[in-house]
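Numbering (this note's numbering), first residue to last: 591 to 708.
Ideal placement from N, C-alpha and C gives every residue a C-beta, glycine not left out.
Quick caveat, the model's predicted, so the values are computed rather than measured.
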Ligand SMILES: [Zn+2]
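Pasting the structure below:
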């Protein structure tokens with residue numbers, strides 16, 4: 591079982607900032623930037639080729655809501671949505687990265703980021 595299935599099953603703890611019946615949204619523990627967040631479907635899909643359109647549409651809706659939350663609470667200057675498939679994909683369970691961009695990045699621990707975003 592991959593690490594995201596384990597996180598979804600609560601076998602591994604996570605800094606979850608949003609959850610519904612379809613997705614779980616949590617902080618990346620090896621962030622590229624402060625507030626780096628992952629949106630992961632609860633059902634296992636390997637990648638973009640595997641996932642269904644209805645789930646993808648829901649993921650994008652959640653991405654917009656969470657991006658607004660990140661922008662408001664972390665005052666980022668931009669945000670990049672990234673999603674790797676096959677080569678370059680670290681975990682073989684579909685996940686969408688939300689990576690905030692800053693002109694000047696504040697130094698915050700993951701707990702501090704979690705407290706701002708949860
Ligand atoms: Zn999985």
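- Query: Is residue 691 helix, strand or coil when you go by DSSP?
  - Reply: strand
- Check whether the Cβ of residue 638 sits closer than 8 Å to any heavy atom of ligand 1, and report yes or no. no
- Message: On the CB-based measure, 16 or more other CB atoms within 10 Å of its CB, does residue 653 come out buried or exposed?
- Response: buried
- Query: In the structure shown, what three-state DSSP assignment does residue 605 receive?
  - Reply: coil
- Task: Give the DSSP bridge partners of residue 627, in chain order.
- Result: 617 and 688
- Looking at residue 642 and ligand 1, is the gap between the Cβ and the nearest heavy atom below 8 Å? no
- Message: So, with DSSP's three-state summary, where would you put residue 646?
- Response: helix
- Beta-carbon spacing of residue 672, residue 650 below 9 Å: no
- Query: When we look at the beta-carbon of residue 614 and count the other beta-carbons within 10 Å, is it buried (16 or more) or exposed?
  - Reply: buried
- Task: Give a yes or no on whether the C-beta atoms belonging to residue 682 and residue 637 are separated by under 9 Å.
- Result: yes
- Item | residue 628 versus residue 648: straight-line alpha-carbon distance, rounded | 14 Å
- Message: Under 8 Å: does the beta carbon of residue 616 sit that close to some heavy atom of ligand 1?
- Response: no
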